[in-house]
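A short worksheet on the structure shown next.
Residue numbers (my numbering): 39 to 252.
Structure follows, in structure tokens:
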């Protein structure tokens with residue numbers, strides 16, 4: 039029978055799919071998750087306490103000769119993570135060498151940012167953390183800790199805070215709409231050419247979601 043899973047920090051539909059041997063859309067598009075989809079537009083941005091229903095796995099029967107070897111491949115769609123890097127002036131950091139070292143033992147990824155300043159790589163579903171090393175030619179190596187699946191929905195205060203923090207606005211992430219959070223909102227509204235109020239209105243959420251990419 040279908041299984042209800044209560045989401046913890048860092049969980050997402052992709053990680054659930056990897057655990058249960060399913061495609062992410064098989065879980066997310068299940069009828070039992072319709073109400074959750076209304077509140078959470080993105081299955082990989084869930085809040086702790088959300089409940090996701092994992093449907094029963096479908097069963098397929100294949101006829102095969104007993105005197106031959108047969109190979110069966112489980113379908114899977116690897117998730118990709120795209121990080122866009124900018125400098126202090128807001129310009130994309132193009133042609134920048136980088137390394138991604140995963141905490142769970144997945145082989146290191148190496149590459150160079152593209153014309154948009156983006157680093158794009160396959161994200162193993164069971165990896166929760168990684169270290170991003172940026173290797174500029176004229177400066178020391180930079181290291182940044184990455185945590186996957188930890189961004190809450192944009193409809194929550196913590197979701198707004200996570201996005202502002204990751205975009206470099208120095209926002210706290212404690213879940214309170216305090217003075218420091220309002221200051222970060224003010225800065226973002228100014229940069230996004232919105233009405234500068236410091237209030238967390240729908241226009242600000244929409245602009246922040248678009249800027250962040252999710």
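The beta-carbon is built from N, C-alpha and C at its ideal position, and this holds for glycine as well.
| field | For residue 72: DSSP bridge partner residues | value | Residue mapping note: residue 72 aligns to position 34 of the chain shown, counting from 1. According to DSSP, which records beta bridges pairwise, residue 72 is partnered with nothing at all.
| task | Can you have a look at residue 150 and say buried or exposed, based on whether 16 or more other CB atoms are within 10 angstroms of its CB? | result | The residue you call residue 150 lines up with position 112 of the chain shown. Its Cβ having fewer than 16 others within 10 Å, residue 150 is exposed.
| message | Under 8 Å, Cβ to Cβ, is there at least one residue of chain B near residue 118? | response | Among the chains of the structure shown, chain B does not appear; only one protein chain is present.
| message | So for residue 135, helix, strand or coil by DSSP? | response | Here residue 135 is taken as the residue at index 97 of the chain shown, counted from 1. The answer is strand: DSSP assigns residue 135 an E or B state.
| said: Would residue 52 and residue 117 qualify as a contact pair, given that the criterion is a beta-carbon distance under 8 Å? | reply: Within the chain shown, residue 52 is the residue found at index 14, counting from 1. Within the chain shown, residue 117 is the residue found at index 79, counting from 1. Yes, Cβ-Cβ distance for residue 52 and residue 117 is below 8 Å.
| Residue nearest to residue 188 in terms of C-alpha spacing, selected from 61, 234, 130 and 168 | The residue labelled residue 188 in the question sits at position 150 within the chain shown. That would be 168, whose Cα lies nearest to the Cα of residue 188.
| How many Å lie between residue 75 and residue 197 at the Cα? | As a working mapping, residue 75 is identified with position 37 in the chain shown. As a working mapping, residue 197 is identified with position 159 in the chain shown. For residue 75 and residue 197, the distance between alpha carbons rounds to 16 Å.
| Considering only residues of the same chain and omitting the five flanking positions on each side of residue 144, which have a CB-CB separation below 7 Å? | Walking along the chain shown from the start, residue 144 turns up at place 106. The residues are 162 and 165.
| request: Please state if the CB of residue 211 and the CB of residue 199 are separated by a distance shorter than 8 Å. | output: Here the question's residue 199 lines up with position 161 in the chain shown. Here the question's residue 211 lines up with position 173 in the chain shown. Residue 211 sits close to residue 199, with the two beta carbons spaced by under 8 Å.
| task | Measure the alpha-carbon distance for residue 69 versus residue 95 and round it to whole angstroms. | result | To locate residue 69, count along the chain shown from 1; it is residue 31. To locate residue 95, count along the chain shown from 1; it is residue 57. The alpha-carbon atoms of residue 69 and residue 95 are separated by roughly 14 Å.
| Can you list the alpha helix (DSSP H) stretches of 4 or more residues lying completely in the segment 199-238, in chain order? | Positions of the alpha helix (DSSP H) runs, each at least 4 residues long and wholly inside the segment 199-238, are given as 217-229 in order along the chain.
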